Amino acid sequence: MSTTTLADFVEQKPLSIEEQSPFRHQKEDEIIGFLGWSDEFGKCIVCERCRDKHYYRKENGYAFSETTLRTLDKMNVNRIVIEEVDTGHVLVYNRRDFHSGEKVHHPSYDRQRCVPDDEVAQERRREDVTINKASMD
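All residue numbers for the sequence shown refer to this note's numbering, where the first residue is 874 and numbers rise by one.
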């Protein structure tokens, strides 16, 4: 991922996301992220990730399970938002791009799809994004 992006040169209106409810993994009952809404792109899921821990270096991107992607499809979620808590970046992916993404095989996880960094729809600095956090209830 580059340190300079198009956002550095083009004035963008601030991105605001309202988290609404937790989204849990279908098999493990752990929270994957929070379903939310943005006036810019509608339904989304916001996932906090640590680049050092969750990033797939071989594929140069983040991965999501095919099962989770199918569920997000049925819910008409438009975007997957990755809030990198360790880098201060917010990455916005088109959800449908994951379906054609690279297949990732990891023995501990279900089948996954990865979208590389160069296919990110938007990259923002965290200070340029307002994410109104939902409660864990």
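Don't be surprised by glycine CBs; every beta carbon is placed ideally from N, CA and C. All values reported here derive from a predicted model rather than from experimental measurement.
Rounded to a whole number of angstroms, what is the C-alpha to C-alpha distance between residue i and residue j?
{"i": "HIS962", "j": "GLU1000", "result": "9 Å"}
{"i": "GLU891", "j": "THR960", "result": "21 Å"}
{"i": "ILE955", "j": "ASP912", "result": "17 Å"}
{"i": "SER973", "j": "GLY906", "result": "22 Å"}
{"i": "ASP990", "j": "GLN885", "result": "20 Å"}
In the DSSP assignment, what residue or residues form a beta bridge with residue i?
{"i": "VAL965", "result": "VAL954 and GLN995"}
{"i": "GLY906", "result": "PHE896"}
When DSSP labels each residue in this structure, what does residue i get in the three-state scheme?
{"i": "SER889", "result": "strand"}
{"i": "THR1003", "result": "strand"}
{"i": "SER1008", "result": "coil"}
{"i": "ARG943", "result": "helix"}
{"i": "ARG984", "result": "coil"}
{"i": "LYS931", "result": "coil"}
Between the options, which lies nearest to residue i when the distance is taken from Cα to Cα?
{"i": "HIS829", "options": "PRO989, LEU908 and ASP959", "result": "This structure cannot speak to residue 829, because the chain is shown only from 874 to 1010."}
{"i": "ARG924", "options": "GLU901, LYS916, ASN933 and CYS917", "result": "ASN933"}
Closer than 6 Å: is that where the CB of residue i sits relative to any heavy atom of the ligand GTP?
{"i": "LEU888", "result": "The ligand GTP is not among the ligands present in this structure, which contains no ligands whatsoever."}
The region 948-961 contacting the region 972-981, beta-carbon criterion three pairs below 8 Å
no
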